[in-house]
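The opening residue of the sequence shown carries number 1 in the UniProt record's numbering; numbering runs sequentially from there. Cβ atoms here follow ideal geometry from the backbone N, Cα and C, with glycine treated the same way.
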Amino acid sequence: SYTNMLGGASNIVLLTQAFRKKFVIPDFVSFASEIDALYENAKNLGGGQVADYIPQLARFSPDLWAVSICTVDGQRHTAGDTKVPFCLQSCVKPLKYAIAVHDHGTEYVHRFIGKEPSGLRFNKLFLNEEDKPHNPMVNAGAIVCTRIGTKLEFNLVETGLRPQNVPALSAPRFQSERESGDRNFAIGYYLKEKKCFPEGTDMTSILDLYFQLCSIEVTCESASVMAATLANGGFCPITGERVLGPEAVRNTLSLMHSCGMYDFSGQFAFHVGLPAKSGVAGGILLVVPNVMGIMCWSPPLDKLGNSVRGIQFCTDLVSLCNFHNYDNLKHFVKKLDPRREGGDQRVKSVINLLFAAYTGDVSALRRFALSSMDMEQRDYDSRTALHVAAAEGHVEVVKFLLEACRVNPVPKDRWGNTPMEEAVHFGHHDVVTMLQDYNNKYSPPGGATEDKEKEISEKNIDGLL
């Protein structure tokens with residue numbers, strides 16, 4: 001019933017956000033259609049090999065392809081084979097590390113594990129100059145992290161990182177992982193020799209737990225909630241419960257950004273600019289901080305062990321939307337920002353314009369004019385930048401708006417006041433004189449046509465360059 005739907009205060013807040021379009025992505029339907037287009041584009045991509053060094057992984061069809069999105073508000077969208085279960089494999093590593101830091105703190109965890117990219121294959125028998133694994137995203141670091149976290153499988157279930165309706169463990173895949181895990185056993189014994197574990201570690205049981213965690217089954221839908229929990233600062237967007245502390249989330253995202261994509265991490269950070277973690281089952285866990293979590297899954301891998309379709313999707317997503325960490329720098333090429341409605345950008349533009357006029361910032365106004373901003377925009381009281389500059393007595397701003405931008409010198413606000421009347425009211429005689437001189441000099445008999453005014457304006461803007 002309607003009453004049951006309202007539930008409690010949290011649901012009322014949620015419904016209010018929906019009706020007012022205050023979700024992080026206001027027009028989610030349009031955004032979802034863009035995601036579907038990116039999904040179809042990547043679906044047609046060929047190439048890559050399904051991982052076969054773990055026999056159970058080799059059984060997946062190379063045609064499987066799924067993308068699932070969960071925003072920090074709990075908005076959900078899926079495309080493709082999103083209900084087919086698969087193993088997390090290395091996608092579990094950031095979650096293990098996050099829980100270890102959440103339980104024990106950064107200082108303790110990094111007594112045993114470094115923070116740097118290794119520049120080597122993820123399963124290499126190699127430690128840093130301090131005889132520690134380079135980072136928790138390579139196998140050596142993840143094995144040590146498994147020991148630090150302890151009972152991680154229990155924690156994954158209890159803290160809500162893994163939805164309860166998905167099998168906790170695929171026994172056949174765990175067995176397959178263990179039987180083909182000679183390299184990981186070698187890494188384990190090497191770590192034991194170098195005394196990389198805390199005292200009293202049973203290395204064999206830790207490796208069993210490591211294999212179990214890699215064999216946890218998820219679907220794209222459930223894994224996207226894990227990613228969204230990281231995007232949401234440690235709060236699960238579905239339950240609203242805090243799962244991880246802010247320190248654990250920050251550290252995890254930092255390491256995902258620098259080390260999460262195997263030997264492709266540098267290129268991924270360069271081209272995509274978002275925290276991510278890939279796994280040999282074909283998953284890519286992608287985080288857009290404060291916006292959404294995404295899980296892409298397709299078994300065919302490139303030569304570096306990353307999903308071919310997943311990499312293409314992530315690259316296309318950042319080409320379309322300004323999600324790259326450095327996409328919002330000033331004067332950068334504008335991309336789609338699904339976080340804003342069209343009106344939001346206009347409001348911001350008006351505020352910036354009028355505030356520059358209020359403070360007398362001619363440099364900012366010149367920058368706005370050169371970027372083709374409408375210099376005659378009005379606020380909710382129909383006041384223009386010229387009204388504000390005249391009221392504040394900024395002679396240089398008034399001169400710039402009139403002579404360089406050729407704005408209308410006699411606009412009326414909601415009370416019928418013109419810039420001239422504002423200047424008179426506040427006693428700014430220099431501004432009054434300038435406005436009078438301008439009107440006498442540039443007001444042609446009968447008035448200029450719109451085309452002529454536009455031509456004059458464009459010539460003046462060219463003069464700014």
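Exercise. Within 10 angstroms of its Cβ, does A79 collect 16 or more other Cβ (buried), or is it exposed?
Worked result: Flag for A79 reads buried.
Problem set entry | Nearest candidate by alpha-carbon position, reference R378, set A356, G393, V350 | Answer by Cα proximity: V350.
For this session: Could you spell out where the alpha helix (DSSP H) holding H387 opens and where it closes?
Result: Per DSSP, H387 belongs to the alpha helix (DSSP H) from 385–392.
Exercise. For C87, which option in K132, V218, L207 has the closest C-alpha, if you only look at C-alpha atoms?
Worked result: Minimum Cα-Cα distance from C87 among the listed residues K132, V218, L207 corresponds to V218.
Exercise. Roughly how far, in whole angstroms, is the beta-carbon of Y97 from the beta-carbon of L244, given that I think they are within contact range, below 8 Å?
Worked result: Between L244 and Y97 the Cβ distance is about 10 Å, and since that is not below 8 Å, they are no contact.
Problem set entry | T78: first and last residue of the uninterrupted beta strand (DSSP E) it sits in | Unbroken beta strand (DSSP E) run through T78: 76–80.
Exercise. Starting from S118 and walking both ways along the alpha helix (DSSP H), at which residues does that stretch end?
Worked result: Looking at the DSSP string, S118 is not in any alpha helix (DSSP H), and its letter there is neither H nor E.
For this session: Hey, could you find the ends of the alpha helix (DSSP H) residue 466 is sitting in?
Result: Residue 466 is absent from the structure shown; the chain starts at 1 and stops at 465.
Problem set entry | Where the alpha helix (DSSP H) containing K93 begins and where it ends | Note, K93: alpha helix (DSSP H), 93–104.
Problem set entry | Collapsed DSSP secondary structure at D353 in the structure displayed | Sequence check: residue 353 is Leu here, not Asp. Correct three-state label for L353: helix.
For this session: Specify, as a first and last residue, the run of the beta strand (DSSP E) that L88 falls within.
Result: Boundaries cannot be given for L88, as no beta strand (DSSP E) includes it and DSSP labels it neither H nor E.
For this session: Mind checking who I69 pairs with in its DSSP beta bridge?
Result: Answer is H77, I294.
For this session: Quickly, what does DSSP pair P237 with across the bridge? List them, please.
Result: DSSP, once it has assigned bridges, lists no residue as partnering P237.
Problem set entry | Element boundaries [alpha helix (DSSP H), containing K192] | Taken as a continuous stretch (DSSP letters only), the alpha helix (DSSP H) holding K192 covers 182–193.
Exercise. What do you get for F426, buried or exposed, if any count of 16 or more other CB atoms within 10 angstroms of its CB means buried?
Worked result: Counting Cβ neighbours within 10 Å, F426 comes out exposed, since fewer than 16 surround it.
Problem set entry | Sufficient close CB pairs (3 or more, under 8 Å) joining the stretch 48–63 to the stretch 201–210 | Contact between the stretch 48–63 and the stretch 201–210 is not established, with fewer than three Cβ pairs separated by less than 8 Å.
Exercise. Secondary structure at T406, three-state DSSP: helix, strand or coil?
Worked result: Residue identity differs from the one stated: residue 406 is Arg in this sequence, not Thr. In the structure shown, R406 sits in coil (DSSP, three-state: anything other than H, G, I, E or B).
Exercise. Where do the N-terminal and C-terminal ends of the alpha helix (DSSP H) with S265 fall, by residue?
Worked result: That run of the alpha helix (DSSP H) goes 265–271.
Exercise. So what's C196 in DSSP terms, helix, strand or just coil?
Worked result: C196 falls in the coil class under three-state DSSP.
Exercise. In terms of DSSP beta bridges, what is L336 paired with?
Worked result: Paired residue(s): C321.
Problem set entry | Short CB-CB distance (under 9 Å) between D361 and chain D | The structure shown contains no chain D; it is built from a single protein chain.
For this session: Assign F313 to one of two classes, buried (16 or more other C-beta atoms within 10 Å of its C-beta) or exposed (fewer than that).
Result: Under this definition F313 is a buried residue.
Exercise. Do you know offhand how far L64's Cα is from N41's?
Worked result: Distance between the alpha carbons of L64 and N41 is about 14 Å.
For this session: Identify whether E247 lies in helix, strand or coil by the three-state DSSP scheme.
Result: Under the three-state reduction of DSSP output, E247 falls in the helix class.
Exercise. Thinking C-beta only, is I206 closer than 9 Å to F197?
Worked result: Cβ distance < 9 Å, so F197 and I206 count as in contact.
Exercise. Hey, is the stretch 24–35 in contact with the stretch 288–298, meaning 3+ C-beta pairs nearer than 8 Å?
Worked result: The stretch 24–35 is in contact with the stretch 288–298.
Exercise. Which residue from F323, A223, L370 puts its Cα closest to that of A66?
Worked result: In this structure, A223 is the residue among F323, A223, L370 with its C-alpha nearest to the C-alpha of A66.
Exercise. Nearest CA to the CA of F122: which residue from L304, E421, F368, H394?
Worked result: With distances taken between CA atoms, F122 lies nearest to L304 out of L304, E421, F368, H394.
Problem set entry | Other residues of its chain near P419: CB distance less than 6 Å, five sequence neighbours each side excluded | Cβ neighbours of P419 beyond the five flanking positions: L386, H387, A390.
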